[in-house]
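Per our numbering, residue 531 is the first one in the sequence shown, and the count goes up by one each step.
Just so it is clear, CB atoms sit at the ideal spot from N, CA and C, and this is done for glycine as well.
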Amino acid sequence: MKKTLLAVLALSLVAACSKPSQPASQAADNSAEPREAKEVVGRVNFDAAHPVITPLPCLMIATYDKDQVPNVMMAAWGGQCGPNRITFELSAHKTTENLRLKKAFTVSFATADDVAQSDYFGTVSGTDVPNKLERAGFTATPSPNVDAPIIDQYKLTLECQVVEMNDDDKGGACVVGEVVNWSADPSIVRPDGKIDLAKLRPIVFDSSTNTYRVVADSVGKAWGSGQQFMQ
């Protein structure tokens, strides 16, 4: 079943996590003049402002604070960065503080069935609303493998230990976690032991229109659909 992890997380954008000496939004050479983009003929050009990167996952990062109060937030800048590693970048959040403290987290995947709750978790800070899980009608169970909560209502969850955390100068961080276990609700597991994304219905963030879109349809076979060009 664990081979399915690659297929599930391949939907995500892989974030670069080299340790920054300056905010990632700045150019490598601050003394250089801003480079003016040249238009690509025959296309609509947007310069460098707010590029659309797709797909952006809706990763639900769950952590405990010092009092073991569970918290969860949505992150879009992240993805798989190794056979059993996941990475994401956060600005200054309650979650960022919890990660520094506990060195552990769980990752679940927002779906079409819980889009309202997941969006709420990504909108409201755990600092301001410490009981936001309860307000959304969600519950949490302690992970048996890491010091982090498993959000019961999410049907696919990775339990992770922090192996690298590179802080920036604004309170944010780029995090790399190692998956020590992952589990799924039986309702989304096929008879062959693989995850059925059509039943899970995970969502991705469309940064072009600020909307969520469902991932479900199969349109080809990995390492198979391109065989027609290899004859």
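Quick one: using the 10 Å Cβ neighbour count with 16 as the cut-off for buried, is residue 584 buried or exposed? Along the sequence shown, read from residue 1 onward, the residue named residue 584 stands at position 54. Classification of residue 584: exposed, given that the 10 Å Cβ count is below 16.
Using only CA atoms, which one of 669, 694, 587, 746 lies nearest to residue 607? Counted from its first residue, the sequence shown places residue 607 at position 77. It is 587 whose Cα lies nearest to the Cα of residue 607.
What is the rounded straight-line gap between the Cα of residue 645 and the Cα of residue 732? Here residue 645 corresponds to residue number 115 of the sequence shown, with the count starting at 1. Here residue 732 corresponds to residue number 202 of the sequence shown, with the count starting at 1. Roughly 9 Å between the two C-alpha positions.
Between residue 712 and residue 688, is the Cβ-Cβ spacing less than 8 Å? Taking the sequence shown and counting its residues from 1, one reaches residue 712 at position 182. Taking the sequence shown and counting its residues from 1, one reaches residue 688 at position 158. Cβ atoms of residue 712 and residue 688: closer than 8 Å.
So, helix, strand or coil for residue 638, using DSSP? Mapped onto the sequence shown, residue 638 falls at position 108. The answer is strand: DSSP assigns residue 638 an E or B state.
Looking only at DSSP bridge pairs, what is residue 591 linked to? Here residue 591 is taken as the residue at index 61 of the sequence shown, counted from 1. DSSP lists 603, 637 as partners of residue 591.
Cβ atoms of residue 685 and residue 642: under 8 Å apart, would you say? In the sequence shown, residue 642 corresponds to position 112, counting from 1. In the sequence shown, residue 685 corresponds to position 155, counting from 1. No; because the gap between Cβ atoms is not below 8 Å, this pair is not in contact.
Top-ranked residue by Cα proximity to residue 631, from 573, 748, 677, 709: The sequence position of residue 631 within the sequence shown is 101, counting from 1. Comparing Cα positions, the closest option is 677.
Sorted by chain position, which residues of the same chain lie with C-beta nearer than 8 Å to residue 567's C-beta, five sequence neighbours on each side aside? Taking the sequence shown and counting its residues from 1, one reaches residue 567 at position 37. Taken in chain order, the residues that qualify are 575, 577, 578.
Identify whether residue 757 lies in helix, strand or coil by the three-state DSSP scheme. Position 227 of the sequence shown holds residue 757. Helix at residue 757.
List the endpoints of the continuous beta strand (DSSP E) containing residue 742. Numbered from 1 along the sequence shown, position 212 holds the residue referred to as residue 742. Taken as a continuous stretch (DSSP letters only), the beta strand (DSSP E) holding residue 742 covers 741-744.
Beta-carbon proximity check, residue 652 vs residue 601, cutoff 8 Å: On the sequence shown, residue 652 is found 122 positions in, with the first residue counted as 1. On the sequence shown, residue 601 is found 71 positions in, with the first residue counted as 1. No, these two residues do not count as a Cβ contact at 8 Å.
CA-to-CA distance, residue 735 to residue 754, given in whole angstroms: In the sequence shown, counting from the first residue as 1, residue 754 sits at position 224. In the sequence shown, counting from the first residue as 1, residue 735 sits at position 205. Approximately 28 Å between the Cα atoms of the pair.
Under the assumption that residue 593 contacts residue 629 (Cβ atoms under 8 Å), give the Cβ distance between them as a whole number of angstroms. For the purposes of this step, residue 593 is taken as residue 63 along the sequence shown, with counting starting at 1. For the purposes of this step, residue 629 is taken as residue 99 along the sequence shown, with counting starting at 1. Their Cβ separation, rounded to whole angstroms, is 6 Å, which keeps residue 593 and residue 629 in contact under 8 Å.
According to DSSP, residues forming a beta bridge with residue 689: In the sequence shown, residue 689 corresponds to position 159, counting from 1. Per DSSP, 636, 711.
Assuming residue 645 is part of the alpha helix (DSSP H), what are its boundary residues? Here residue 645 corresponds to residue number 115 of the sequence shown, with the count starting at 1. Where residue 645 is concerned, the enclosing alpha helix (DSSP H) stretches over 645-653.
Is the beta carbon of residue 589 sitting closer than 8 Å to the one on residue 702? Taking the first residue of the sequence shown as position 1, residue 589 is located at position 59. Taking the first residue of the sequence shown as position 1, residue 702 is located at position 172. Their beta carbons are not under 8 Å apart, which means residue 589 does not touch residue 702 by this criterion.
Contact belief for residue 614 with residue 708 at Cβ below 8 Å, rounded distance in angstroms: For the purposes of this step, residue 614 is taken as the residue at position 84 of the sequence shown. For the purposes of this step, residue 708 is taken as the residue at position 178 of the sequence shown. About 6 Å separates the two Cβ atoms, so the contact holds.
State the DSSP-derived secondary structure class of residue 573, mapped to helix, strand or coil. The residue labelled residue 573 in the question sits at position 43 within the sequence shown. In the structure shown, residue 573 sits in coil (DSSP, three-state: anything other than H, G, I, E or B).
Spatial distance of residue 565 from residue 573 (CA atoms): The residue labelled residue 565 in the question sits at position 35 within the sequence shown. The residue labelled residue 573 in the question sits at position 43 within the sequence shown. About 20 Å.
Give the straight-line distance between the Cα atoms of residue 747 and residue 665, rounded to the nearest whole angstrom. On the sequence shown, residue 747 is found 217 positions in, with the first residue counted as 1. On the sequence shown, residue 665 is found 135 positions in, with the first residue counted as 1. C-alpha separation (whole angstroms): 33 Å.
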